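There are 2 protein chains.
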Amino acid sequence: MGIPIAEFQARIVREKRERKREKVRNFIEWFNKIIMDAELYEYRYPVKGAYIWRPYGLQIRRRVENIIRQLHDETGHGEVLFPVFIPLEYFSKESEHIRGFEEEVFWVSKGGKDPERLILRPTSETAMMPMFKLWIKDHTDLPLKVYQITSVFRAETKSTHPMIRLREISMFKEAHTAHVDKDDAEKTVKEAMEIYKKIYDYLSIPYLISRRPEWDKFAGAVYTIAFDTLMPDGKTIQIGTVHYLGTNFSKVFEVTYLDKDGTTKYAHTTSYGISERVIASMLAIHGDDNGLLLPPNVAPIQVVIVPIPQEGYDTKGEAAKVEAELKEDGIRALADLRDDKTPGWKFNDWEMRGVPIRVEIGPRDMDKKTVIVARRDTGEKYEVPRQDVVNFLRKLMVEIGDNMRKEAWSNLRKSIHYVSSMQEALNNLGTGIIMIPWSGDEQCGIKIQEQLDASILGIPIDEEPTEQIGGEKDLACPEKNANYWVRVSRRY
Amino acid sequence: MGIPIAEFQARIVREKRERKREKVRNFIEWFNKIIMDAELYEYRYPVKGAYIWRPYGLQIRRRVENIIRQLHDETGHGEVLFPVFIPLEYFSKESEHIRGFEEEVFWVSKGGKDPERLILRPTSETAMMPMFKLWIKDHTDLPLKVYQITSVFRAETKSTHPMIRLREISMFKEAHTAHVDKDDAEKTVKEAMEIYKKIYDYLSIPYLISRRPEWDKFAGAVYTIAFDTLMPDGKTIQIGTVHYLGTNFSKVFEVTYLDKDGTTKYAHTTSYGISERVIASMLAIHGDDNGLLLPPNVAPIQVVIVPIPQEGYDTKGEAAKVEAELKEDGIRALADLRDDKTPGWKFNDWEMRGVPIRVEIGPRDMDKKTVIVARRDTGEKYEVPRQDVVNFLRKLMVEIGDNMRKEAWSNLRKSIHYVSSMQEALNNLGTGIIMIPWSGDEQCGIKIQEQLDASILGIPIDEEPTEQIGGEKDLACPEKNANYWVRVSRRY
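Sequence lines, in order, name chains A and B. So for the first sequence, this note's numbering puts the first residue at 1; every next one is plus one. So for the second sequence, this note's numbering puts the first residue at 1; every next one is plus one.
In structure tokens:
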């Protein structure tokens, strides 16, 4: 694990234990229970697909939002806030766009009577474009890059799931950009992908990047690049998308600019989005039978300090001192000094809530001027000299984040299977992602989906096509040669 | 002004000038123009009462939100996030509440067809109460104090104004609390008032605190305490309210707790709100004919550094160095190094955008190892030794915030007039708040409002009744003795 034990004279007092992940297999039940038990989220609100963030959950979410903001700000995106209402007239302008969304749009009217023709935004391209038209005059106004973190609304007809499939997506980060040409727009597509990778890395979430097939791209896009990750039950979940929109929106909204050569041209636009699904994935991927495990980067409490009471030893006083030292150093620490709970009860409770590190202070530790440090990720325990505790924990937090990322990536990679028959595909579908030989033909792709009752995620764009495809036939259309290994999975 | 000139050897090189506030008198026109010119806000969005925050404005707003969060967090409020949808069935439970809001509620339906009975929250008491019922079991769960910063929706029939009268109030901070009894609830009413005072102080906004008359209290409240401030055109604007709700909501939503004595009792609840109107007021109160003046606490750029170009002097390099030093010290500084703008153009542009301090670096300053510091609030200029610049500016920022607060309070106090006839009342109404002798009788109060075409703000609760009321008669009902001086104004 690379903990520099020598440097800190920390002694391992208990070896790594295997994390039990049985309950995680019964995933949705486990997930719904744990977000309620940890008082992170509330799913009993009496409106379908609408839920509540409670303080512990919102503290995590605010940290995720902050890293999202930071990464967008430092790459020249300006944060804006647009209204939730879009006039139907604007929403309908781009014909593919309205076709893609019209079934799941909420309409708004005043007092239940005179209907104004307003909808609640399901996404904001058609709110932004009329303003881009006003803000962009000539090529010096480009690129224009803005983003917002807001609620969007989709009247999902499928069954809804807390934090995963929502009618009010309350943490939708959507970026919208305009450019002089395709080249410049595609530079931003790449930049967006880099931003998203950094967000997932920060949360120790592994991901696959695929180019979505034509029939599954964003309504109105030229193409869509999507990030998926794997849930513990073998289904994938889309956790981010980046769209190149070409001039599809700029043409209908007349978003033009005066170029250097004196001619008026249409801007090329992009949009890219990410939502609270990254938080749902983070909780799902790292949790185990004992509860949550939060990456130290976003844990509201990074270190909990539990005193072991003993006559004649002020372990509570010592715990409070350690808390103060850690806080002084900027570590989010809490000394749990409650008298009406046993240490064992506290251990379990904080494990369940996902606190990544526990410090135990007992009488023997006080005699020896040490503390015990327990890792939530591996279960390892260390004896650490009292004077080293701040530095040791600071290093351990990085180590835990790295280890969580490593473990999650390893699990994802193990769950990808190359198959060359329908039977083999069906056998492996329940456990993760399958790679299927595909001609690239749309009809054959749709057949693959139907025969497997699964979805084509798309052709990988995050790896070289190292696997030889030569000789394979399209799995649904054996008369055709396969040209790609395409990713397929069941999904949320 | 108390700038410790001796300490810094700073020499005043230009005296204070009077700030021109003529345009501010034509207030709404001035306001709408300046928020657009400063690229802070956009009012051309094609939906009535719905507007856009642009990056410069949102940076101010995020700082205001942060101080609001900090003050609520440190007084034990948990931040939550509730859905925007409220089932009509819940919204209608409290009869006064629904009567107060029903005319201005937006209804939502899916796809314009099968109407689900949902509304967009105009305020969240009726969303919170069903959850409070689930979360509160016994007296140890109380007090329960939560808040959220969200959008709320009111289908205003009056004319809307950018940032002032909105259909989507996008920065609504609403706190909701539950308590064992009236005493404990009223402690939180007082705490809320202290929180709000700190927010206004932070933004250098003066305020009056009044107990709203019965006919103007929050729909469903036992009583409402409101904060008002004065706009440059002599109208007041409500910038915060605190409501004691008694058991009005807890009874209809059955929010009960098991008390120590084993009996089940209704919780007493409160709610209190504040919105982007605090930002509108801050901009309105401190601005002048040259544009905005932002309090250093929330200014996205606190110090702009303008080099004065001159052959043989690297004033640009020096400006960049000063910028780096200030940033190093945590001051939000920007060196304006554009070559295609003159220093004079830059001075005007940054003044318009409200940057509170300008540093000028010219060839003579470089020879003398000094810089020129110009205050946006008083127009004073200082010559400051180069090595003192960071400390001088840090002190000056506090001084500017204090001076802005002092000036604004002095303006508010000058605008309050005690009157003892209707004619005198009418003569003074255009310039601010008038104090009117009132019996306290509701019918007489409503007559006062009608005769003056103005509103009773309420009885002061922020000052001792020092003015003798003895002998005065109710202005609208001369047969009655007056018992109070009541505040009256035209208002937004």
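Beta carbons: idealized from backbone N, C-alpha and C, even for Gly. Predicted model, so just to flag it, every value in this text is computed and none were measured.
Check: Whole-angstrom Cβ separation of Val298 (chain B) and Ile60 (chain B), contact assumed at under 8 Å?; Outcome: 5 Å
Check: Do Ile205 (chain A) and Ser281 (chain A) count as a contact pair if the criterion is CB distance below 8 Å?; Outcome: yes
Check: Does DSSP classify Tyr56 (chain A) as helix, strand or coil?; Outcome: helix
Check: Alpha carbons only, please: which of A:Thr160, A:Lys145 and A:Ala155 is nearest the one belonging to Glu174 (chain A)?; Outcome: A:Lys145
Check: Looking at Ile225 (chain A): is its Cβ nearer than 8 Å to the Cβ of Ile28 (chain A)?; Outcome: no
Check: Which runs of the beta strand (DSSP E) at least 3 residues long sit entirely within the stretch 371-406 of chain A? Give them in chain order.; Outcome: 381-385
Check: Could you pull out every residue in the same chain whose Cβ sits closer than 8 Å to the Cβ of Glu214 (chain B), ignoring the five residues on either side in sequence?; Outcome: Glu442
Check: Against chain B, with Cβ distances strictly below 8 Å, would Ile52 (chain A) count as a contact?; Outcome: yes
Check: May I ask you to verify whether the stretch 138-154 of chain A touches the stretch 71-82 of chain A, counting CB pairs closer than 8 Å and requiring at least 3?; Outcome: yes
Check: Quick one: is Lys110 (chain A) near chain B, going by C-beta distance under 8 Å?; Outcome: yes
Check: I'd like to check one pair, Ile239 (chain A) with Ile285 (chain A): are the Cβ atoms closer than 8 Å?; Outcome: no
Check: Counting only beta-carbon atoms, is Glu22 (chain B) nearer than 8 Å to chain A?; Outcome: no
Check: Could you tell me which uninterrupted alpha helix (DSSP H) segments, each at least 4 residues in length, are contained entirely in the stretch 241-308 of chain A, listed from first to last along the chain?; Outcome: 248-253 and 277-286
Check: Spatial neighbours of Pro343 (chain A) within its chain, please: CB distance less than 6 Å, with the 5 preceding and 5 following residues excluded, ordered by chain position.; Outcome: Val306 and Ile308
Check: How would you write the range of the alpha helix (DSSP H) that Asp183 (chain B) sits in, first residue to last?; Outcome: Lys182 to Tyr202
Check: Return the CA-CA distance between Trp494 (chain B) and Leu88 (chain B), expressed in angstroms with no decimal places.; Outcome: A question about residue 494 (chain B) goes unanswered here, because the residues of chain B that appear run from 1 up to 492.
Check: Confirm, please, whether the CB-CB distance from Tyr41 (chain B) to Pro130 (chain B) is below 8 Å.; Outcome: no
Check: Going by the beta-carbon positions, is the gap between Ala482 (chain A) and Ile448 (chain A) smaller than 8 Å?; Outcome: no
Check: Determine the direct distance from the alpha carbon of Ala324 (chain A) to that of Gln70 (chain B), and round the result to whole angstroms.; Outcome: 20 Å
Check: Determine which residues share a DSSP beta bridge with Ser455 (chain A) and list them.; Outcome: A:Ser489
Check: Would you give the residue range spanned by the beta strand (DSSP E) that Glu29 (chain B) belongs to?; Outcome: Counting along the chain, Glu29 (chain B) falls outside any beta strand (DSSP E), though it belongs to the alpha helix (DSSP H) covering Phe27 to Asp37.
Check: Tell me the rounded alpha-carbon separation between Lys137 (chain B) and Leu81 (chain B).; Outcome: 21 Å
Check: Considering only residues of the same chain and omitting the five flanking positions on each side of Met1 (chain B), which have a CB-CB separation below 6 Å?; Outcome: Confidence is the limiting factor: at Met1 (chain B) the pLDDT is only 43, short of 50, which leaves the residue's position unreliable, though a coordinate-based value still follows. So no residue of the chain qualifies.
Check: Hey, how far is the Cα of Arg154 (chain A) from the Cα of Met352 (chain A)?; Outcome: 32 Å
Check: On the CB-based measure, 16 or more other CB atoms within 10 Å of its CB, does Ala6 (chain A) come out buried or exposed?; Outcome: At Ala6 (chain A) the pLDDT is 49, less than 50, meaning the model places this residue with poor confidence and gives no usable figure here.
Check: If you measure from the beta carbon of Ser151 (chain A) to each beta carbon in chain B, is any gap under 8 Å?; Outcome: yes
Check: Going by beta carbon distance, what residues of the same chain come within less than 6 Å of Gly497 (chain B), once the five residues before and after it are set aside?; Outcome: Residue numbering for chain B in the displayed model covers 1 to 492; residue 497 (chain B) lies beyond these limits and cannot be assessed.
Check: Is Arg11 (chain A) helix, strand or coil by DSSP?; Outcome: strand
Check: Name the two residues that bound the continuous alpha helix (DSSP H) containing Glu168 (chain B).; Outcome: That residue, Glu168 (chain B), is in no alpha helix (DSSP H); its beta strand (DSSP E) goes Glu168 to His179.
Check: Apart from the five residues on each side of it in sequence, which residues of its chain come closer than 6 Å, Cβ to Cβ, to Val180 (chain A)?; Outcome: His139 and Leu142
Check: Could you please tell me which residues of the stretch 82-94 of chain A, in chain order, have their CB closer than 8 Å to any CB of chain B?; Outcome: Phe82, Pro83, Val84, Phe85, Ile86, Pro87 and Tyr90
Check: By DSSP, does Ala50 (chain A) sit in helix, in strand, or in coil?; Outcome: coil
Check: Do Ile372 (chain A) and Gln302 (chain A) have their C-beta atoms closer together than 8 Å?; Outcome: no
Check: What are the residues of the stretch 64-83 of chain A that lie near chain B, defined by any Cβ-Cβ distance shorter than 7 Å?; Outcome: Gly78, Glu79, Val80, Leu81, Phe82 and Pro83
Check: Run through DSSP, which three-state label would Lys217 (chain A) get?; Outcome: coil
Check: Got a sec? Which residues, its chain only, sit under 6 Å from Ala319 (chain A) by beta carbon, not counting five neighbours each side?; Outcome: Ile305, Pro307, Ala335 and Ile361
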